[in-house]
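Numbering (this note's numbering), first residue to last: 7 to 342.
Even glycine gets a Cβ: it sits at the ideal position worked out from N, Cα and C.
In this text the structure is predicted, and so the values were computed from the model without any measurement.
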Ligand code: ATP
Ligand code: MG
């Protein structure tokens with residue numbers, strides 16, 4: 007049995023010194039990872055698996071709510087599409103935030119991913135265009151809540167999404183799945199369909215609590231349905247580097263996750279929170295904001311990890327080289 011991640015709640019966080027926090031974080035992470043490492047090949051192994059970028063399926067998953075899954079799904083998908091990749095974003099969450107965040111208003115009469123999972127319509131008939139030519143949406147709907155119950159007794163209940171995507175995934179470089187904040191049948195379908203996962207999390211002590219549960223679920227999914235599933239990376243979101251706590255937590259996380267933690271961190275940025283109410287990814291809402299810049303960096307890091315050439319990264323590299331030639335210091339990750 008996989009050891010559960012146990013965090014002592016006896017000493018409240020606010021009364022902990024940084025040193026105490028660091029010590030207990032190390033203990034918790036060590037326990038979590040030593041159980042995880044034997045079961046789930048993380049990025050170190052996944053780097054060696056050269057998946058063709060054509061038709062790769064990437065799940066954005068964390069059962070913890072409000073950690074930035076949808077913000078990451080929308081904005082990573084948009085930045086990759088703006089860099090020339092053909093992207094399909096599938097909204098697998100009954101909240102349908104990824105759909106509304108891309109300007110698709112709720113319409114109970116329109117077919118959605120729910121109808122696809124129920125086997126009533128092929129996915130190809132449900133796709134919607136977005137403001138970005140290369141980015142297509144497979145919309146979600148609140149009906150998805152019912153799918154958890156309606157599919158409970160279906161024999162192939164965990165494989166519905168994988169089968170639905172099979173006929174269309176080859177038309178895209180990447181299919182991004184925005185998952186709900188639960189380890190339910192909808193998330194299980196995403197885990198069974200995905201090649202790899204990004205786990206967004208905040209640099210907070212309690213964020214670690216869910217990691218062990220997620221890892222043990224991944225282990226079960228790998229054994230039962232999807233042996234190729236790997237964690238592509240852990241992404242720090244809503245990051246505020248002004249606090250000692252965030253820096254301390256991040257340093258400790260980096261020591262343990264090493265290259266599994268994305269170099270790029272997503273800062274807390276009000277433009278990222280505003281963009282969905284305008285139905286736009288931040289790259290279209292305010293391309294010069296820190297939030298947009300961070301998601302472009304994440305897209306560049308993702309492409310580099312997957313050995314996909316990036317036109318935008320090339321352009322940035324060239325302008326950085328030109329500035330350096332003029333004696334200016336340029337710090338660009340990962341090309342600085
Ligand atoms: P859920 O688990 O409910 O699906 P989620 O993990 O998808 O939530 P989001 O919806 O992406 O999380 O984000 C939660 C809230 O935080 C949203 O209001 C979003 O606009 C805001 N938010 C996300 N990332 C940032 C950021 N980097 N800076 C500021 N606000 C952010
Ligand atoms: Mg969400």
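Limits of the unbroken alpha helix (DSSP H) element including residue i
{"i": "residue 62", "result": "From DSSP, residue 62 is part of no alpha helix (DSSP H) but of the beta strand (DSSP E) over 62-66."}
{"i": "residue 155", "result": "150-156"}
{"i": "residue 172", "result": "166-175"}
{"i": "residue 224", "result": "215-230"}
{"i": "residue 189", "result": "First-last for residue 189: undefined, no H or E at that position."}
{"i": "residue 75", "result": "75-88"}
Residue range of the unbroken beta strand (DSSP E) whose run includes residue i
{"i": "residue 180", "result": "180-184"}
Those residues which DSSP pairs with residue i across a bridge
{"i": "residue 202", "result": "64, 236"}
{"i": "residue 330", "result": "In DSSP, residue 330 forms no bridge with anything."}
{"i": "residue 208", "result": "243"}
Q | Check your reading: residues with Cβ closer than 5 Å to ligand 2 heavy atoms | A | Taking a cut-off of 5 Å from the heavy atoms of ligand 2, the residues with a C-beta inside it are 75, 76, 103.
**Study point:** Given 8 Å, three or more beta-carbon pairs between the stretch 271-278 and the stretch 289-305
**Key:** As far as the Cβ criterion goes, the stretch 271-278 touches the stretch 289-305, which means the pair count is three or higher.
* Asked: Residue ranges of each alpha helix (DSSP H) run of no fewer than 4 residues wholly in the stretch 242-272, ordered along the chain?
  -> With a minimum length of 4 residues, the continuous alpha helix (DSSP H) runs that stay inside the stretch 242-272 are 250-263.
In chain order, which continuous runs of the alpha helix (DSSP H) of length 4 or greater are located wholly inside the stretch 278-321? 288-291, 296-311, all fully within the stretch 278-321.
Could you give the uninterrupted runs of the alpha helix (DSSP H) lying entirely in the stretch 92-162, keeping only those of 4 residues or more? Residue ranges of uninterrupted alpha helix (DSSP H) with 4 or more members, entirely inside the stretch 92-162 and ordered along the chain, are 103-107, 119-123, 150-156.
task: Decide yes or no for the touch test of the stretch 303-316 against the stretch 261-272: beta carbon pairs closer than 8 Å, at least 3 of them.
output: Result yes; three or more Cβ-Cβ pairs closer than 8 Å.
Does the stretch 173-187 come close enough to the stretch 210-224 that 3 or more CB-CB pairs lie under 8 Å?
Per the Cβ contact rule, the stretch 210-224 is not in contact with the stretch 173-187 (fewer than 3 Cβ pairs under 8 Å).
- request: Kindly confirm or deny that the stretch 180-190 and the stretch 88-102 touch, where touching means at least three C-beta pairs closer than 8 Å.
  value: Three or more beta-carbon pairs separated by less than 8 Å link the stretch 180-190 to the stretch 88-102, which places the two stretches in contact.
Examine the Cβ distances between the stretch 191-208 and the stretch 95-115 and report whether three or more of them are shorter than 8 Å.
With a cut-off of 8 Å, the stretch 95-115 and the stretch 191-208 count as touching, because enough Cβ pairs lie within range.
For the pair the stretch 100-112 and the stretch 72-80, tell me if three or more CB-CB distances fall below 8 Å.
The stretch 100-112 vs the stretch 72-80: in contact.
Inter-stretch contact at 8 Å, needing at least 3 Cβ pairs: the stretch 113-123 / the stretch 135-147 = Verdict: yes, contact present.
Inset, instruction - Please confirm if the stretch 61-72 is in contact with the stretch 119-138, defined as three or more CB-CB distances below 8 Å between the two stretches. - result: Touching, no.
Exercise. For the stretch 187-195 and the stretch 150-159, state whether three or more C-beta atom pairs, one from each stretch, are separated by less than 8 Å.
Key: In short, these stretches touch, since the Cβ pair count reaches three.
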